[in-house]
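Report on the following structure.
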């Protein structure tokens, strides 16, 4: 169980499967593990609902 900490408070989150490695060198689908300085798209399940905005609706948020 991963505990996320944000401006909205602290809550538990469960990290699901790794969907895609965002590395420009490998770009693997469903990699088994990640090494240092790699990025990936993950499934995240939160214990409590959280309000979020998409990047296309609010570009000022950057990479949130």
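Numbering (UniProt numbering), first residue to last: 1 to 64.
Where a beta carbon is used, it is the ideal one built from N, C-alpha and C, also for glycine.
All values derive from a computational prediction rather than experimental measurement.
#1: Quickly, what does DSSP pair residue 34 with across the bridge? List them, please.
#2: Taking C-alpha atoms, which residue in 30, 43 and 37 lies nearest to residue 15?
#3: Among 56, 55, 53 and 20, which one has its Cα closest to the Cα of residue 29?
#4: Report the residue from 18, 47 and 12 whose alpha carbon sits nearest the alpha carbon of residue 35.
#5: State the Cα-Cα distance for the pair residue 55 and residue 41, rounded to the nearest angstrom.
Taking the structure as given:
#1: In the DSSP output, where bridge partners are listed per residue, residue 34 has none listed.
#2: Of the candidates 30, 43 and 37, the one whose C-alpha sits nearest the C-alpha of residue 15 is 43.
#3: For the residues 56, 55, 53 and 20, the minimum Cα distance to residue 29 belongs to 20.
#4: The option with the nearest alpha carbon to residue 35 is 18.
#5: Between residue 55 and residue 41, the C-alpha separation is close to 15 Å.
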